[in-house]
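Trainee:
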Amino acid sequence: MILTPAEWEVVRLSLLVGGTACLAALPVAWGLAWLLARRRFPGKVLLDGIVHLPLVVPPVVTGWMLLLFFGADGWGGRALALFGTSVLFRWTGAAIAAGIMALPLMVRAMRLSIEAVDRRLEEAARTLGAGRLRVFATITLPLSLPGILAGTVLGFARSIGEFGATITFVSNVPGETGTLPLAIYAALQQPGGEAVVARLAGISIAISLAALIVSELLARRMGRGLHVL
Amino acid sequence: MSSEPAAFDIDLAIRRGERLIEAAFVAQAGATVLVGRSGVGKTSVLMGIAGLVPLERGHVRVAGRDLTDVAPERRRAGVVFQEPRLFPHLRVAANLHYGMKAGAPWDATIAMLGIGHLLDRWPRTLSGGEARRVAIGRALLSDPAFLLLDEPLSSLDPERREEVMQAIEAIRDELRLPILMVTHDAEEAARIGTAIVRL
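Quick mapping for you: the protein sequence lines, in order, are chains B and G.
My numbering applies: residue 1225 is where the first sequence begins, and numbers increase by one.
My numbering applies: residue 522 is where the second sequence begins, and numbers increase by one.
(1) Beta-carbon within less than 8 Å of R586 (chain G)'s beta-carbon, same chain only, minus the 5 sequence neighbours each way: which residues are those?
(2) Does R1263 (chain B) get closer than 8 Å to chain G when you measure Cβ to Cβ?
(3) In the region 1342-1356 of chain B, which residues sit with their C-beta less than 9 Å from some C-beta in chain G, listed in chain order?
(4) By DSSP's criteria, G1243 (chain B) is part of a beta bridge. Which residues make up the other side?
(5) Between the C-alpha atoms of V685 (chain G) and P673 (chain G), what's the straight-line distance to the nearest angstrom?
(6) Beta-carbon within less than 6 Å of L1442 (chain B)'s beta-carbon, same chain only, minus the 5 sequence neighbours each way: which residues are those?
(7) Quick one: measure Cβ to Cβ for A584 (chain G) and P526 (chain G), integer angstroms, because I've assumed they're closer than 8 Å.
(8) Tell me which residues share the same chain as T630 (chain G) and place their Cβ nearer than 7 Å to its Cβ, disregarding the 5 neighbours each side in the sequence.
(9) Give every residue of the same chain whose Cβ lies closer than 6 Å to the Cβ of S588 (chain G), excluding the five residues on either side of it in the sequence, and list them in chain order.
(10) Counting only beta-carbon separations shorter than 8 Å, does L555 (chain G) have a partner in chain B?
(11) Give the list of continuous beta strand (DSSP E) stretches no shorter than 3 residues that lie fully inside the region 523-551 of chain G.
(12) Taking 8 Å as the CB-CB cut-off, is I1363 (chain B) touching chain G?
(13) Considering only their Cβ atoms, is the gap separating L639 (chain G) from V613 (chain G) smaller than 8 Å?
(14) What is the rounded straight-line gap between the Cα of E1233 (chain B) and the Cα of I1226 (chain B)?
(15) Starting from V583 (chain G), trace the alpha helix (DSSP H) in both directions and tell me its first and last residue.
(16) Using only CA atoms, which one of B:G1298, B:R1423 and B:G1388 lies nearest to V1285 (chain B)?
(17) Which residue wins for smallest C-alpha separation from L634 (chain G), given the options G:P593, G:A691 and G:E539?
(18) Which whole-angstrom value describes the C-beta separation of A1318 (chain B) and V1394 (chain B), a residue pair presumed to lie in contact below a C-beta threshold of 8 Å?
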C-alpha cells in the first residue's frame, strides 16, 4: 500500500503512542492484576470497579477527567509544571489516555493468567527450599507469562484504536496527537478524503488483527501443558 | 534407651472451615504411618507439619528441632504430595535440580528410583508412577531432614506400587530419614510402617 509521508507519520505516531501506552501500563496492570487475583483486602470490590470504569464510562468522560487532572489547575498538571513540562496537546498525553483506556483489558487478561497458576506448585516449591521471591521468579512468573504477554498485546491493540478520551484530552494535533483514529476522523470531515480514510482504515485493521492473533496464540499457549495432573 | 529426641513430636490443631483438626503424637525414628478414615484430616496434619497451613495452636518438633514458627522453605521437609506437583514448565531434570543442594547424591537417587531415562522428558508426558518417582526424587535431592509422604502409593498399578514401595523402604533403611506417611491401605501400613498413629 502506498502511503503519503503524512500518512506514514500517522502510522509512526500511532505505534509510538500505542507502544508507550501499553509498556507504561504493563507494570501497573500487572500489579493490579496481582492484587485482585491474590490478595484479600477491604475495598477490593471498589478497586475492581474503578479499574474497569474506563471500559464502561463514555470515553469522553475519561478524557475530560484527564483534562481536569493534568490541566493547569489539576494535581498532575501542577506536578508536571514543577518540571517545566506538560502533557496537554502532546503525544505523551495521548499515550496516557490510551494507557488508561487499555488498562482494564490488560488487567483482566493478566488476572486470569495469575489465577490460573496452581498454588499447589508454589507450595511444592517452598518445601523444596525456595523463598517467596524465588517462587515468584521461577514458578509464578513463568507460568503466568503467556497471559501477561497476551494482555500486553491486547492493550497495545486497544491503545492504537483509542479515540474518544484522546481527542477530548489532547485534541487532534497532526504529528503530535493525531493517531490513526483521529486522522481517519479528520479525513472524513474533508471533501475528497475517502482515499486517505480507506488507506488508514486498512492499516488500522491490519495492525489490530495482527495484535489480536498474537494475543490469541499466546493465550492458547497458556492453556497447554501447564496443569499439575 | 537412648536419649535421642523423638523423630516426630507433634501436637497441633488446624482450622479447616468449621472443623478443628487435632493431632498429637510422638514417634521414634523409622517410618511412622498415619492412618484414619478418609476426610479425618491426615493430609492437613502433614501440611501443618510442612508449614503450608497455619496452626491454630500447638507445636511441631522434628528430630529435636522446633519448627513451629519456621517458614516452610527452611523446614527441610521433603514433601511428596498426593498429586506429584511437578513443575510443568520444567523438564524432569530441572524439576529434580530445583531444590537440589550441593553434594546431594544425584546418581544414587536416580538409580534407586529408576528415573535416569526420564530426565529429558516433560512432566506431562510421564505416567502416574513415573511422575510419583520423580516427585520422590525431587524431595530427596533437596537434602531433607525428614520426609512427609501423602499417599505415595495411591493410584499406581501393582508393578509400580512395588517399585515405589521398595524405594521408600530403601529410604527408611539406607538413608535412615524419619518418614511420616499417610495411607489408607492396611497392607502398605504394615509393610512400611515401624509405628502406626491413628487419627
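Ideal Cβ positions, reconstructed from N, Cα and C, are used throughout, including at glycine.
Being a predicted model, the structure only gives us computed values, none of them experimental.
Mentor: In short, the structure shows the following:
(1) Numbered from 1 along the second sequence, position 65 holds the residue referred to as residue 586 (chain G). So the qualifying residues of the chain are A666.
(2) Here residue 1263 (chain B) refers to the residue found at position 39 of the first sequence. False, the Cβ-Cβ gap to chain G never drops below 8 Å.
(3) D1342, R1344, L1345, E1347, A1348, A1349, R1350, T1351, L1352, G1353, A1354, G1355 and R1356
(4) Indexing the first sequence from 1 puts residue 1243 (chain B) at position 19. Answer is none; G1243 (chain B) lacks a bridge partner.
(5) Along the second sequence, one-based indexing puts residue 685 (chain G) at 164. Along the second sequence, one-based indexing puts residue 673 (chain G) at 152. It is roughly 8 Å from the alpha-carbon of V685 (chain G) to the alpha-carbon of P673 (chain G).
(6) The residue given as residue 1442 (chain B) occupies position 218 in the first sequence. Counting only Cβ-Cβ distances below 6 Å, and skipping sequence neighbours, we find P1370, L1373 and A1374.
(7) Position 63 of the second sequence, counted from the start, is the residue given in the question as residue 584 (chain G). Position 5 of the second sequence, counted from the start, is the residue given in the question as residue 526 (chain G). Right, their Cβ atoms sit about 6 Å apart.
(8) Taking the first residue of the second sequence as position 1, residue 630 (chain G) is located at position 109. Its chain contains G658, L661 and L662 as the residues whose beta carbon lies nearer than 7 Å to that of T630 (chain G), once the 5 sequence neighbours on both sides are disregarded; these appear in chain order.
(9) In the second sequence, residue 588 (chain G) corresponds to position 67, counting from 1. Note that residue 588 (chain G) is Leu in the sequence shown, not Ser. The residues are V581 and R596.
(10) Position 34 of the second sequence, counted from the first residue, corresponds to residue 555 (chain G). No, L555 (chain G) does not count as interfacial toward chain B.
(11) 529-537 and 540-548
(12) Locating residue 1363 (chain B) in the first sequence gives position 139, counting from the first residue. Judged by the 8 Å Cβ criterion, I1363 (chain B) is in contact with chain G.
(13) By 1-based counting over the second sequence, the position of residue 613 (chain G) is 92. By 1-based counting over the second sequence, the position of residue 639 (chain G) is 118. Going by C-beta atoms, V613 (chain G) is nearer than 8 Å to L639 (chain G).
(14) Sequence index remark: in the first sequence, residue 1233 (chain B) carries index 9 (1-based). Sequence index remark: in the first sequence, residue 1226 (chain B) carries index 2 (1-based). Their backbone Cα atoms lie some 13 Å apart in a straight line.
(15) Position 62 of the second sequence holds residue 583 (chain G). Unbroken run through V583 (chain G) is the beta strand (DSSP E), R578 to V583; no alpha helix (DSSP H).
(16) In the first sequence, the residue the question calls residue 1285 (chain B) occupies position 61. Selected option, being the one with the closest Cα: B:G1388.
(17) As a position in the second sequence, residue 634 (chain G) is number 113, starting the count at 1. The shortest C-alpha separation from L634 (chain G) is found at G:A691.
(18) Working through the first sequence from its first residue, we reach residue 1318 (chain B) at position 94. Working through the first sequence from its first residue, we reach residue 1394 (chain B) at position 170. Sure, about 5 Å apart at Cβ, within 8 Å.
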